[in-house]
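For reference, the structure discussed in these notes is given below.
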Amino acid sequence: MSKNILIVTGSDYSDAVYQAFYDVKKLGHKVYLLSDGSFEPKPEVFEKHFRYDLRKTKETLEYMKNQKEKFDAVTIKTSEWLTPLVALLGKQYGCIGNEPIVAFNCRSKYHMRQILEKGGVPIPKFKLCKNYEELINGIREIKTPCVAKPVGGNASYGTFMIRNDEDIKNLKENYENSIKFLKEKAIDGDVFAFNKEEMDLIGVNDHVNMITDYLVEEYMDGHEISIDSFVQDGKITMMGVEDQIRMTYPYFMQLAARLPYIYKEGEKEVIQKLLEDTMKAMNIKNSATHTEIMFTSKGPKIVEIGCRIGGDDLHETILEVTGYNLMYESIMIALGIHREYDVKNNCHAMLKYIMPEKNGTIKSIQIPEELKNNKNIFNIDTIMTIGDKVGTPPERFDYIGYISGKGKTPQEAEENVNKAIAKIKIIIE
Ligand SMILES: Nc1ncnc2c1ncn2[C@@H]1O[C@H](COP(=O)(O)OP(=O)(O)O)[C@@H](O)[C@H]1O
Ligand SMILES: [Mg+2]
C-alpha cells in the first residue's frame with residue numbers, strides 16, 4: 175500500500191540521499207519535504223515541498239496541521255536541531271519513532287547527562303551554568319581540567335577546555351566570544367533555542383536556554399569514536415564506526431576521521447553493550463542514532479548521543495564502505511518495516527575537513543574538475559561560499575568543507591585524500 179513519508183531537513187541532500195528517495199518511490203510510496211526553504215530540491219522527487227521557518231517549532235506544527243496531507247512516517251537525515259520537531263510531527267500523525275521528550279533529551283546536553291546518570295551509563299561529572307558567575311563556580315566545583323560546552327551546541331561550536339588558572343584568566347573572553355558566535359548562528363545558522371511554550375509542549379520540566387546555558391564537565395582523556403547505529407524493535411545494529419581525529423586542547427573541532435574503526439580485542443562487545451545501556455536509558459526507539467564515545471583511562475564513557483544519522487560525510491562514507499544507504503534504511507524503520515543487516519567493510523575511508531587558515535572573508539574556492547572525477551575521492555563538499563566570514567577558535571568555529579577518499583588500506587585512503595587536498599585552493603582575505 176502506498177504510504178506518505180515526510181522528510182524534514184535544514185539543508186539540501188547529496189545524490190546518494192536522493193537515491194534513497196528514488197528507491198522508496200519505486201516501492202510505490204510518496205515522499206514529501208519540509209524545509210526552511212533555504213534551497214531548491216531536485217525537481218520531481220517530492221510530491222510537495224512545505225516551507226516554513228523551522229526554528230519556530232510550535233508554529234511549524236500548526237502550519238503542518240493545517241495542510242490537507244497526512245503522513246504515515248516522519249523522518250530526518252542529520253539536522254540535529256530539528257529532531258524534536260520530527261518527533262512532535264510524528265506524534266501529531268501517530269507515527270512510530272521517538273517521543274518528543276526523548277529527542278529533546280538528546281538535544282539538550284544537560285538533560286542527556288541527567289538521564290544517562292540515572293540510567294547508570296558511564297559519563298563525566300557535569301554541572302549546568304546559566305551565566306558567567308555560575309560558570310566560574312561550576313569550574314571550581316568540577317575542578318580543572320574540565321570542558322565548557324553550550325547545552326544546545328553542535329559541531330563543537332563554543333566548546334573549550336579549561337586546564338588551569340591561566341585558562342581561567344581567559345575564561346570571560348572565551349565564554350563571551352563563544353556566546354557571540356552561537357547567537358550569530360542562532361539567527362542564520364543551525365542552532366536555536368526553544369521558547370517556554372515549546373518546551374512545555376515537549377514536556378520539559380527543567381527549562382534551559384540552548385544557546386547561552388553552558389555545561390561544565392569533567393575532562394575525559396583518551397581517543398574518541400562515533401557510532402552510527404539503528405535501533406529497531408529493541409535491537410541495536412552498528413552500521414559504521416568512525417575513528418575521530420580532533421584538535422588538541424583547548425579546542426575540540428574535528429579535523430579528520432577514519433572509517434571503519436579498527437577494534438582492539440574485546441572492544442566491539444564493550445561498545446555494543448554501552449550502546450544498549452545508552453539507548454535503554456534514553457528510551458530511543460525505532461530510530462537512527464549517532465553516538466560519540468571516549469575511551470578514557472577509567473573505561474569508555476558517552477560524550478553524547480543524537481537520534482539521527484551522523485553528519486558531514488558519514489552517510490556517503492558508510493554507503494561507500496558497507497553498501498548500506500542510511501537514509502533509505504531510516505525511512506524503512508520509520509515505516510515499521512523489519513530490517514536485517516549484514517554489515518561488512520569493503521574498503522577504508524578517510525575524511526579531512528577543510529578549515530580556514532585565518533580569520534577573514536572567503537575570496538575564492540578552487541576545486542579542480544579532475545578531483546570530481548577521481549574514483550578514489552568519493553565526496554567533496556563545501557559548506558561555505560565566497561563572501562562568507564570564516565575563522566578559527568577562539569573567535570570562530572568554522573569549517574569550509576570536507577573531502578573524503580578511499581583505499582584498500584587506511585594508509586592508502588589517507589594518501590589519496592592528502593593528494594587531493596593539496597590541489598584545492600582557498601583564498602581568505
Ligand atoms: N567532558 C569532555 N571531556 C573531553 N572532551 C570533551 C568533553 N565534552 C566534549 N568534549 C569534546 O568536545 C567535542 C564536542 O562536544 P560534544 O558534546 O560532542 O558536542 P557537539 O554537539 O558540539 O558535538 C567532543 O566530540 C569531544 O571531542
Ligand atoms: Mg559531538
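The opening residue of the sequence shown carries number 175 in my numbering; numbering runs sequentially from there.
Idealized CB from N, CA, C, for every residue including glycine.
Under 8 Å between C-beta atoms of residue i and residue j
{"i": "E604", "j": "C521", "result": "The chain is shown only over 175 to 603; residue 604 falls outside these bounds and no answer can be derived."}
{"i": "V405", "j": "S461", "result": "yes"}
{"i": "N348", "j": "P568", "result": "yes"}
{"i": "L433", "j": "M421", "result": "no"}
{"i": "L389", "j": "F278", "result": "no"}
{"i": "I336", "j": "I313", "result": "yes"}
{"i": "I507", "j": "I598", "result": "no"}
{"i": "I476", "j": "T496", "result": "no"}
{"i": "E372", "j": "V321", "result": "no"}
{"i": "N178", "j": "K244", "result": "yes"}
{"i": "T463", "j": "S400", "result": "no"}
{"i": "G579", "j": "D555", "result": "no"}
{"i": "T491", "j": "A523", "result": "yes"}
{"i": "M394", "j": "Y498", "result": "no"}
{"i": "S471", "j": "G396", "result": "yes"}
{"i": "M609", "j": "I289", "result": "The chain is shown only over 175 to 603; residue 609 falls outside these bounds and no answer can be derived."}
{"i": "T249", "j": "I505", "result": "yes"}
{"i": "D487", "j": "L448", "result": "no"}
{"i": "A247", "j": "L509", "result": "yes"}
{"i": "F571", "j": "Y423", "result": "no"}
Residue i Cβ short of 7 Å to ligand 2 heavy atom set
{"i": "E478", "result": "yes"}
{"i": "E466", "result": "yes"}
Any non-hydrogen atom of ligand 1 within 7 Å of residue i CB
{"i": "V382", "result": "no"}
{"i": "M394", "result": "yes"}
{"i": "F426", "result": "yes"}
{"i": "T333", "result": "yes"}
{"i": "R337", "result": "no"}
{"i": "N327", "result": "For the record, residue 327 in the displayed sequence is Gly; it is not Asn. Result yes, Cβ under 7 Å from ligand 1."}
{"i": "R432", "result": "no"}
{"i": "P298", "result": "yes"}
{"i": "R570", "result": "no"}
{"i": "E439", "result": "no"}
{"i": "S330", "result": "yes"}
{"i": "V321", "result": "yes"}
{"i": "K283", "result": "yes"}
{"i": "R482", "result": "no"}
{"i": "E273", "result": "no"}
{"i": "R287", "result": "no"}
{"i": "E350", "result": "no"}
{"i": "R420", "result": "yes"}
{"i": "E391", "result": "yes"}
{"i": "T221", "result": "Checking the sequence, you will find Glu at residue 221 rather than Thr. Checking the Cβ of E221 against ligand 1 gives no."}
{"i": "E398", "result": "yes"}
One or two residues paired with residue i in a DSSP bridge
{"i": "I182", "result": "It is worth fixing the name first, because residue 182 is Val in this sequence and not Ile. According to DSSP, which records beta bridges pairwise, V182 is partnered with L208, I250."}
{"i": "Q406", "result": "K409"}
{"i": "P324", "result": "Y388"}
{"i": "C303", "result": "Y388"}
{"i": "T470", "result": "G473"}
{"i": "Y417", "result": "Sequence inspection shows Asp at residue 417; the Tyr mentioned does not correspond to that position. DSSP output for D417 lists I399, R432 as bridge partner(s)."}
{"i": "I536", "result": "I602"}
{"i": "S282", "result": "Bridge partners of S282: none, in fact."}
{"i": "I577", "result": "K526, I554"}
{"i": "E450", "result": "Paired residue(s): none; E450 is not in a bridge."}
{"i": "F334", "result": "A322, Y425"}
{"i": "V564", "result": "G534"}
{"i": "H464", "result": "D402, G480"}
{"i": "R229", "result": "Beta-bridge pairing links R229 to no other residue."}
{"i": "F224", "result": "L208"}
Min CB distance residue i to chain B below 8 Å
{"i": "P424", "result": "Going by chain labels, chain B is absent from the structure shown, which holds only one protein chain."}
_Pairs of beta-carbons, one from the stretch 276–295 and one from the stretch 318–331, closer than 8 Å: are there three or more?_
yes
*Assess, as a yes-or-no matter, whether the stretch 557–575 is touched by the stretch 529–547 under the definition of 3 or more beta carbon pairs within less than 8 Å.*
yes
*asked:* With three or more C-beta pairs closer than 8 Å as the rule, is the stretch 257–271 touching the stretch 340–352?
replied: no
*asked:* Could you check whether the stretch 192–200 touches the stretch 222–231, counting it as contact only if at least three pairs of C-beta atoms, one from each stretch, sit closer than 8 Å?
replied: no
*Given 8 Å as the limit, is there contact between the stretch 243–262 and the stretch 480–491, that is, 3 or more CB pairs closer than that?*
yes
*Between the stretch 376–390 and the stretch 426–444, do at least 3 Cβ pairs fall closer than 8 Å?*
no
*Is the stretch 537–556 close to the stretch 576–596, with three or more CB pairs under 8 Å?*
yes
_Pairs of beta-carbons, one from the stretch 183–194 and one from the stretch 250–258, closer than 8 Å: are there three or more?_
yes
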